[in-house]
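Residue numbers (this note's numbering): 1 to 315. Built from N, CA and C at the ideal position, the CB exists for glycine as well. Below is one structure; the comments refer to it alone.
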């Protein structure tokens, strides 16, 4: 018996069976509700505070939107949860009263003109900043940042003064020009990284084959930059439609965009128009902006755009 016990004690320990996890040491039992090898996720008080703040913000935002939409369909709404009568006449009345056909036409025309001019000016400027080195380049980049970082009202008043001095005040041309001030730098700052990620060897090879600068830019760079141009154009379009300060300072009755028309309706003589008319205009404006954002998020994904540019650079 003594010999058997000695042999058993000297025998090596058995290896764990294949596919079976080794036993967990004592004192390290898994948390309740978790399987071995997994950690239980517990939110810290700061995380709960952040989630609570986000939930409160979303509830407040949803409440404001619902209140405006309900008000635009209610005939009278004072001391009840919902209007006593529902109607859609406020939309038709606001459309006729404020000539929204003309206002929306001006809004679309101004936005498209700003997008086209911003791309035509911003893309070549972004190419120069991405491919050329010159004294004061950093200062130029900082100057392009200022119209984006500064509040529009700070440089909008001097711009409006210049426009009125040249006789362009209250015109569509003035609205387009003042909106170009923040839009062109926005296109430049958006397109510069796209151009920097394209391999310059592609351009060098095209020049060795006899292509001029114009042919290189239109036939080689332009197809590669289409995703970036599309992204910048949609973002500039949304920004221009929502720009209030610069447009308000230089626009007039025949050059108001939709956001400025809503403000003038709220502050018109006699205490403003009926609240339901303003709500109907606000719903139409919000729907327009939401449609643009949906298009931007549906067809323009910044992550995919960067990936496409990187693939083009690698090729």
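- Here residue 54 is exposed, its C-beta having fewer than 16 other C-beta atoms within 10 Å.
- When the beta-carbon positions are compared, residue 242 and residue 289 come within less than 8 Å of each other.
- If you check the CB distance, residue 220 and residue 196 do not come in under 8 Å.
- If the five residues before and after residue 192 are omitted, its C-beta is found closer than 7 Å to the C-beta atoms of 126, 129, 130, all from its own chain and listed in chain order.
- Annotation for residue 188: 122, 125, 126, 144 place their beta carbon closer than 6 Å to its own, counting only its chain and skipping 5 residues before and after.
- Between residue 159 and residue 114, the CB-CB gap reaches or exceeds 8 Å.
- Taking C-beta atoms under 8 Å as the contact rule, residue 163 and residue 250 qualify, at a distance of about 5 Å.
- For residue 228, the three-state secondary structure derived from DSSP is helix.
- A Cβ-Cβ separation of about 23 Å leaves residue 232 out of contact with residue 106 under the 8 Å criterion.
- Judged by their CB atoms, residue 87 and residue 75 are nearer to each other than the 8 Å cut-off.
- If you check the CB distance, residue 268 and residue 68 do not come in under 8 Å.
- Per DSSP, residue 265 is one residue of the alpha helix (DSSP H) stretching across 258-266.
- Taking C-alpha positions only, residue 294 is separated from residue 239 by approximately 14 Å.
- When only Cα atoms are considered, residue 224 and residue 168 end up about 38 Å apart.
- In this structure, DSSP gives residue 156 a helical state, which the three-state scheme calls helix.
- Spatial neighbours of residue 281 in its own chain (CB-CB distance under 6 Å, excluding positions within 5 residues in sequence) are listed in chain order as 94, 262.
- Counted as a single uninterrupted DSSP element, the alpha helix (DSSP H) harbouring residue 63 occupies residues 45-73.
- In this structure, DSSP gives residue 81 a state outside helix and strand, which the three-state scheme calls coil.
- Under the DSSP definition of a beta bridge, residue 86 partners with 74.
- The alpha helix (DSSP H) runs of length 4 or more contained entirely in the stretch 82-146 are, from start to end of the chain, 89-97, 100-131.
- Taking C-alpha positions only, residue 284 is separated from residue 155 by approximately 30 Å.
- Cβ-Cβ separation between residue 277 and residue 90: approximately 6 Å, consistent with a contact (criterion under 8 Å).
- One Cα belongs to residue 84, the other to residue 73, and the distance between them is close to 11 Å.
- Taking C-beta atoms as the reference points, residue 183 and residue 236 count as a pair closer than 8 Å.
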